[in-house]
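**Q** Taking the working numbering, the leading residue of the sequence shown gets 4, the next gets one more, and so forth.
No residue lacks a Cβ here, since even glycine has one placed at the ideal position from N, Cα and C.
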Amino acid sequence: MTTSITPLIAGNWKMNGLMASLSEVQKLAEMLTRGTAPRCTVAICPPATLLARISEMAASSGIVTGGQDCHPAQSGAHTGDISATMLADAGAQFVIVGHSERRAGHGESDDLVRTKAQAAFAAGLTPIICVGETEAERRDGQAEAVVGRQVATSVPEEAQAIDVVIAYEPVWAIGTGLTPTTDDIRQVHDMIRAQLIERFGDSGQTIRLLYGGSMKPANARDILMVENVNGGLVGGASLLANDFYAIISAV
Ligand code: 13P
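#1: I'd like to know whether the C-beta atoms of GLU161 and PHE124 end up nearer to each other than 8 Å.
#2: Sorry if obvious, but does the Cβ on GLU33 come closer than 7 Å to a heavy atom of the ligand 13P?
#3: Mind pulling the alpha helix (DSSP H) runs of 4 or more residues that sit fully within the region 182-244?
#4: Report all residues from its chain with a CB closer than 7 Å to the CB of ILE188; omit the five preceding and five following residues, and keep chain order.
#5: So what does DSSP say about THR88, is it helix, strand or coil?
#6: According to DSSP, is LEU115 helix, strand or coil?
#7: Answer with buried or exposed for GLU33, where buried requires no fewer than 16 other C-beta atoms within 10 angstroms of its C-beta.
#8: For the ligand 13P, I want to know if GLY144 counts as a neighbour, meaning its beta carbon is within less than 7 Å of at least one of the ligand's heavy atoms.
#9: Find out if the Cβ-Cβ distance for the pair MET195, PRO220 is shorter than 8 Å.
#10: Among the residues of its own chain, which have a CB less than 8 Å from the CB of ILE85, if the five just before and after it don't count?
#11: To test your reading of the DSSP string, which unbroken beta strand (DSSP E) runs of 3 or more residues are found completely within the region 136-183?
#12: Who pairs with GLY70 in a beta bridge, going by DSSP?
#13: Taking 8 Å as the limit between beta carbons, can you name the residues of its chain near ASN222, skipping five residues before and five after?
#14: I need the DSSP call for ILE131, collapsed to helix, strand or coil.
#15: Taking a contact to mean a Cβ-Cβ separation below 8 Å, would you say SER217 touches ILE47 in this structure?
#16: Starting from THR44, trace the beta strand (DSSP E) in both directions and tell me its first and last residue.
#17: Is any heavy atom in the ligand 13P found nearer than 7 Å to the beta carbon of GLY69?
#18: With DSSP as the reference, please indicate the residues paired to ASN15 in a beta bridge.
#19: State yes or no: is the C-beta of LEU54 within less than 8 Å of the C-beta of THR68?
#20: Go through its chain and collect everything with a Cβ distance to VAL154's Cβ below 7 Å, but skip five positions before and after it.
#21: Buried or exposed for THR82, please, with buried defined as at least 16 other CB atoms from any protein chain shown within 10 angstroms of its CB.
#22: Using 10 angstroms around the beta-carbon of ASP246, count the other beta-carbons present and answer buried if the total reaches 16, otherwise exposed.
#23: May I ask you to check if the CB of VAL28 is nearer than 7 Å to at least one heavy atom of the ligand 13P?
#24: Considering only the beta carbon of each residue, do ILE12 and GLY234 sit closer than 8 Å?
Rendered as structure tokens:
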């Protein structure tokens, strides 16, 4: 962990969560207000149907919210899509863009992801830009080359001056219970950091780099200790207040 950066622990609920799940947010909010103040920003990225409700109910506990995707345009004839402006209007501060499930399931390219990040900036949101290699790419020794290419193209030039978060999520670690070794995580995060400094100078030092992929209470501490890991993007373990709180406490 790099101490001068405020870490971010963000929960990505994916396509999970009904009105009944609001009780987990309530529980987490109570745990956060009762315990010692968390040493990180805590965000929940629920499905869009719950975003406004959670933004409202969580505000007093310091929990912030984010969307899981946005359209590159701010409004218009795009049936079924949600714009960054709408997410901001519903109380979000963040938006995840380029998650591997959207890259794979919706054919999203690095160029599209970059325009979504720019739409986020335009709406006053901080994009959480996801990158990560597949199992086959890692097996072929291509992990760093793939991630380097994704960072180069998905992260817009504006990141030099506006807050942006990058999440390294190896595709093969998502929802599988598998995680890279801390040495593997360190190697990729160091490579991303070096690339950002080369491109953006000093501001490349302060961009938050999250790790995501089967982060759990049992492994969070070791992962968060790694230099250049500035927090986590948590899927399954963010759905239950107890587990998510344990990861937040690991910071
Ligand atoms: P899991 O924590 O469930 O592996 O999901 C990680 C993820 O995809 C977060 O965006």
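**A** By the coordinates alone:
#1: Result yes, Cβ atoms of GLU161 and PHE124 sit closer than 8 Å.
#2: no
#3: 185-203 and 220-227
#4: TYR214, ILE226, VAL229 and VAL232
#5: helix
#6: helix
#7: exposed
#8: False, no ligand heavy atom lies under 7 Å from that Cβ.
#9: Note that residue 195 is Ile in the sequence shown, not Met. Contact check for ILE195 against PRO220 fails: the beta carbons are separated by 8 Å or more.
#10: ALA51, GLY70, ASP72, CYS73 and HIS74
#11: Secondary structure in the region 136-183: the beta strand (DSSP E) runs of 3 residues or longer, each lying completely within the stretch, are 168-171 in chain order.
#12: Its beta-bridge partners are VAL98.
#13: THR182
#14: strand
#15: no
#16: Unbroken beta strand (DSSP E) run through THR44: 44-48.
#17: no
#18: CYS48
#19: In contact: LEU54 and THR68 (Cβ atoms closer than 8 Å).
#20: VAL134, ILE169, ILE195 and GLN198
#21: exposed
#22: buried
#23: no
#24: yes
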